[in-house]
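Encoded as structure tokens, the structure appears first; notes follow it.
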């Protein structure tokens, strides 16, 4: 049995459609027919639990453009409903749902998360986002998304209010004493009467605080406002980092923001996205990527790129260098992904076709191709450099790439003593070492 090292990697997996590669659904062995089958997501979560993952995670998009014949209906189920079904066939793996502060009612959202946290005895986390598209806003009685600054102003109040609701009373106040005829101790179950700019909630919650205190708070914004929000409220953050340089820069920004908040001892865990193509030989791994890339629908890939850079890319010449893009300071869309695209361009000076190749599975997250040893070598570099406490896996295909990771990469991590061989605790906080 290998000696466990002081630094341990954590693992989450973002479950999306039949894989993060845009061509995954076209492969002969794809799971595309099961997108609307709850047993499919249950089986993926069971596979992650077999690999001792910390958590499964669902992103969310509250619109479905359906403008193109290859648009994936990946957000078929509401994340919390999906995770509730998953909770019934798993025992340990954490369950993380995306929650939009732009559209959600905090009383309802906190109640749903607390309910699932009680059902699972403390396995729940939530990822706070401010949403990205006007199409989503149109489904919520808005003409368009509010400006970026206003969305984050609202998110700050939302996060603070969620904490009030999560902790508004303790299950110990439910005394159910038959002899004294006393059901509750009302003295500690009191309204907090929140009256803010965006929300008014009298309180308390109908649901007491959870077995792990409160659901684990996660955040994914890479803008200045997003990092500031994470520094105030997050236990962990998801990040987009193409290379080590970008990962270091994100870690430095986050740590500096934490220092400015006056809590210099607080360590927020960082989970960069990770795309892996693993084979028993390096050549086998390359072949897996090449087989997917050959099926890549160029029009779909250009549409995705257009969204990432907030301009029409449909007329860009495929085999010429990427046209000059404005500096990040002038960009008003999702900052993290845009910074990554600029980093890829600076690193590789790609043609448009080559850039699409880098972005076609996960949108420019750290991508590792090779044997288990080669891949874990690089994961260790990021762990030892302090830029990654773990990774949020974005499998190119599902279930295939996740099966490869569990069967080939997890044993290599365990062999090196940087990953658990069994679950030591039950709650999500215990998995992350946050207790």
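Numbering (UniProt numbering), first residue to last: 1 to 435. We put the beta carbon where it would ideally sit given N, CA and C, even for glycine. Owing to the predicted nature of the structure, the values given are computational and were not obtained by experimental measurement.
message = Starting from residue 382, trace the alpha helix (DSSP H) in both directions and tell me its first and last residue.
response = First-last of the alpha helix (DSSP H) with residue 382: 372-384.
inquiry  = Tell me the DSSP secondary structure of residue 277 in three-state form.
reply    = Residue state, collapsed to three classes: strand.
Own chain, CB closer than 8 angstroms to residue 399, minus 5 neighbours either side, in chain order = 31, 43, 44 and 47.
ask   = How is residue 169 classed by DSSP in three states: helix, strand or coil?
value = Reduced to three states, the DSSP call for residue 169 is coil.
query = To the nearest angstrom, how far is it from the Cα of residue 406 to the Cα of residue 84?
reply = Residue 406 and residue 84: Cα-Cα distance of roughly 23 angstroms.
ask   = Got a sec? Which residues, its chain only, sit under 7 angstroms from residue 189 by beta carbon, not counting five neighbours each side?
value = Cβ within range, chain order: 169, 173 and 204.
Spatial distance of residue 264 from residue 152 (CA atoms) = Those two C-alpha atoms are separated by around 23 angstroms.
message = Please give me, in chain order, every unbroken run of the alpha helix (DSSP H) with length at least 4 that falls completely inside the segment 120-187.
response = Correct list: 134-138 and 148-166.
message = Below 8 angstroms, how does it come out for the segment 306-317 and the segment 350-362: are there three or more Cβ pairs, yes or no?
response = Per the Cβ contact rule, the segment 306-317 is in contact with the segment 350-362 (3 or more Cβ pairs under 8 angstroms).
task = Using alpha carbons as the reference points, say which of 213, 40, 397 and 49 lies closest to residue 77.
result = Among 213, 40, 397 and 49, the Cα nearest to that of residue 77 is on 40.
request  = Please say whether residue 2 and residue 422 have beta carbons closer to each other than 8 angstroms?
outcome  = No. Outside cutoff.
Euclidean distance between Cα positions of residue 366 and residue 394 = Residue 366 and residue 394 have their C-alpha atoms some 10 angstroms from each other.
message = Quick check on residue 114: buried or exposed, where buried means 16 or more other Cβ atoms within 10 Å of its Cβ?
response = Taking all protein chains in view, the Cβ of residue 114 is crowded by 16 or more other Cβ atoms within 10 Å, so the residue is classified as buried.
Inter-stretch contact at 8 angstroms, needing at least 3 Cβ pairs: the segment 242-258 / the segment 342-349 = Contact between the segment 242-258 and the segment 342-349 is present, because at least three Cβ pairs lie under 8 angstroms.
task = Taking 8 angstroms as the cut-off, decide whether the C-beta atoms of residue 198 and residue 392 are in contact.
result = Result no, Cβ atoms of residue 198 and residue 392 do not sit closer than 8 angstroms.
query = If we count the other Cβ atoms within 10 Å of its Cβ and call it buried at 16 or more, is residue 212 buried or exposed?
reply = Buried, since its Cβ has 16 or more Cβ neighbours within 10 Å.
For residue 359, the first and last residue of its enclosing alpha helix (DSSP H) = Looking at the DSSP string, the run of the alpha helix (DSSP H) that includes residue 359 is 352-359.
key: N-terminal and C-terminal residue of the alpha helix (DSSP H) that residue 41 is part of   = Segment 38-50, the alpha helix (DSSP H) holding residue 41.
task = Determine the contact status of residue 166 and residue 100, defining contact as a CB-CB distance below 8 angstroms.
result = No, they are not a contact pair.
task = Compute the Euclidean distance between the alpha carbons of residue 154 and residue 304, then round it to the nearest angstrom.
result = Going from the Cα of residue 154 to the Cα of residue 304 covers about 28 angstroms.
request  = Identify every residue that forms a DSSP beta bridge with residue 10.
outcome  = DSSP lists 390 as partners of residue 10.
task = Give the DSSP bridge partners of residue 57, in chain order.
result = Partner residues in the beta bridge of residue 57, as assigned by DSSP, are 14 and 96.
Distance CB(residue 220)-CB(residue 328) smaller than 8 angstroms = Not a contact, by the Cβ cut-off of 8 angstroms.
request  = Answer yes or no: the CB of residue 271 versus the heavy atoms of the ligand GTP, is any distance below 7 angstroms?
outcome  = Absence of the ligand GTP is noted for the structure shown, with no ligands found whatsoever.
task = Just grab the DSSP bridge partners of residue 269 for me.
result = In the DSSP output, where bridge partners are listed per residue, residue 269 has 236.
Identity of the residues DSSP links to residue 195 by a beta bridge = Residue 195 is bridged to 200.
inquiry  = Going by beta-carbon coordinates alone, are residue 419 and residue 62 separated by less than 8 angstroms?
reply    = Going by C-beta atoms, residue 419 is not nearer than 8 angstroms to residue 62.
ask   = What residue from 104, 119, 10 and 70 has the CA that sits closest to residue 90's CA?
value = The shortest C-alpha separation from residue 90 is found at 119.
inquiry  = So that I know if they touch, is there some Cβ in chain E lying closer than 8 angstroms to that of residue 249?
reply    = Any reference to chain E falls outside this structure, which holds one protein chain only.
task = Out of 230, 356, 4 and 14, state which residue places its alpha-carbon closest to the alpha-carbon of residue 275.
result = Of 230, 356, 4 and 14, the residue nearest in Cα terms is 14.
message = What does DSSP give as the partner residue(s) for residue 368 in the beta ladder?
response = In the DSSP output, where bridge partners are listed per residue, residue 368 has 276.
query = Exposed or buried, which one is residue 383 when buried takes at least 16 other CB atoms within 10 Å?
reply = Buried is the call here.
Simplified DSSP assignment, three categories, for residue 219 = For residue 219, the secondary structure class from DSSP, reduced to helix, strand or coil, is strand.
inquiry  = Quick check on this structure: which residue in 359, 75 and 145 has the alpha carbon closest to the alpha carbon of residue 333?
reply    = Put simply, of 359, 75 and 145 the residue whose alpha carbon is nearest the alpha carbon of residue 333 is 145.
message = Alpha carbons only, please: which of 210, 126, 294 and 386 is nearest the one belonging to residue 252?
response = Closest option to residue 252, Cα to Cα, is 386.
Residue 213 - DSSP class collapsed to helix/strand/coil = Annotated three-state conformation of residue 213 is strand, per DSSP.
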